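Chemist: Mapping to the UniProt record's numbering: the sequence shown position 147 is 147, numbers consecutive.
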Amino acid sequence: MHRLFVALRPPSGIRTALLDLMEGVPGARWQDDDQLHVTLRYIGEVDARTADDVAAALGGVHAAPLELRLSGCGIFDTRGRANALWAGVAPREPLAALHRKLDQALVRVGLEPERRAYLPHITLARLGGGSPPLDRFVADHAGLASPPFRVEHMVLYESHLGQGGSIYEPVECYPLNG
Numbered sequence: 001m002h003r004l005f006v007a008l009r010p011p012s013g014i015r016t017a018l019l020d021l022m023e024g025v026p027g028a029r030w031q032d033d034d035q036l037h038v039t040l041r042y043i044g045e046v047d048a049r050t051a052d053d054v055a056a057a058l059g060g061v062h063a064a065p066l067e068l069r070l071s072g073c074g075i076f077d078t079r080g081r082a083n084a085l086w087a088g089v090a091p092r093e094p095l096a097a098l099h100r101k102l103d104q105a106l107v108r109v110g111l112e113p114e115r116r117a118y119l120p121h122i123t124l125a126r127l128g129g130g131s132p133p134l135d136r137f138v139a140d141h142a143g144l145a146s147p148p149f150r151v152e153h154m155v156l157y158e159s160h161l162g163q164g165g166s167i168y169e170p171v172e173c174y175p176l177n178g
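Quick look at the structure:
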């Protein structure tokens with residue numbers, strides 16, 4: 001089985017700026033440079049044949065390069081328990097439009113449509129059940145912003161779960177040139 005997702009990889013300078021934020025939250029499992037990305041569409045576990053169909057379908061998705069910027073930060077939670085810190089990415093609409101295109105292409109190869117609302121973000125840290133209050137971190141970085149950065153390709157990744165966290169292996173890059 002292959003655990004897949006499609007994402008955008010921010011340029012080095014943006015990743016470095018994000019890495020510089022990663023402190024001050026005891027118990028946080030901070031992402032490393034190789035894990036920083038903007039998920040466009042989570043696919044999940046698929047067999048080899050479906051993985052090949054996914055890769056082929058992504059080649060048919062056409063979109064223009066994107067001009068993005070970092071914009072604020074926040075917390076994801078489940079039933080009131082924080083499980084991730086993230087940096088926001090803007091503008092939302094071009095990313096949401098690309099997300100919809102990917103979703104349509106993947107539904108055509110037999111995957112279920114995405115049911116969750118799409119919120120463009122870059123995960124900064126994963127949090128365990130006993131994470132400390134995060135209000136200070138969020139307040140300190142609420143104004144997070146960056147100069148615009150250009151993204152000219154999307155990447156199909158395979159995620160390998162390990163004891164130290166997930167390892168993301170690029171499978172194929174797709175240019176954003178249309």
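A virtual CB, placed ideally from N, CA and C, is assigned to each residue, including glycine.
Since the model is a prediction, treat every value here as computed from it, not as a measurement.
Quick check on the DSSP output: the beta strand (DSSP E) that includes Asp-77 runs from which residue to which?
Modeler: 66 to 78
Chemist: State buried or exposed for Leu-161, treating a residue as buried only when at least 16 other CB atoms are found within 10 Å of its CB.
Modeler: By the Cβ-count criterion, Leu-161 is exposed, with fewer than 16 other Cβ atoms from all chains shown falling within 10 Å of its own Cβ.
Chemist: How is the alpha helix (DSSP H) around Pro-94 delimited, first residue to last?
Modeler: 92 to 108
Chemist: Which word fits His-99, buried or exposed, when buried means at least 16 other C-beta atoms lie within 10 angstroms of its C-beta?
Modeler: buried
Chemist: Measuring CB to CB, does Val-151 end up less than 8 angstroms from Pro-120?
Modeler: no
Chemist: Tell me whether the beta-carbon of Val-138 lies closer than 8 angstroms to the beta-carbon of Gly-44.
Modeler: no
Chemist: Tell me Gly-44's beta-bridge partners as DSSP assigns them.
Modeler: Looking at the DSSP assignment, Gly-44 forms a beta bridge with Leu-4.
Chemist: Flag this pair as yes or no: are the beta carbons of Val-155 and Pro-170 separated by less than 8 angstroms?
Modeler: yes
Chemist: Over the uninterrupted beta strand (DSSP E) stretch that includes Gly-165, give me the two end residues.
Modeler: 165 to 175
Chemist: For the alpha helix (DSSP H) containing Val-138, name the first residue and the last one.
Modeler: It spans 135 to 140 - the alpha helix (DSSP H) in which Val-138 sits, taken as one unbroken run.
Chemist: At the level of alpha carbons, what is the spacing between Asn-83 and Asp-77?
Modeler: Spanning the two alpha carbons is a distance of roughly 5 angstroms.
Chemist: Using 8 angstroms as the threshold, is the C-beta distance between Arg-41 and Ala-145 below it?
Modeler: No, the pair does not count as a contact, with Cβ atoms beyond the cut-off.
Chemist: Given a cut-off of 8 angstroms, decide if Leu-58 and Val-25 are closer than it, judged by their beta-carbon atoms.
Modeler: no
Chemist: Under a three-way DSSP split, which group does Ser-12 fall into?
Modeler: Three-state result, Ser-12: helix.
Chemist: Check for me: the beta strand (DSSP E) holding Val-155 runs from which residue to which?
Modeler: 153 to 162
Chemist: Please classify His-62 as buried or exposed, where buried requires at least 16 neighbouring CB atoms within 10 angstroms.
Modeler: exposed
Chemist: Can you give the beta carbon distance from Val-106 to Trp-30, rounded, assuming they're within the 8 angstroms contact cut?
Modeler: The identity of residue 106 in the sequence shown is Leu, whereas the question assumes Val. About 30 angstroms; that fails the 8 angstroms criterion.
Chemist: Would you call the CB atoms of Leu-21 and His-153 closer than 8 angstroms?
Modeler: Taking 8 angstroms as the Cβ cut-off, Leu-21 and His-153 do not qualify as a contacting pair.
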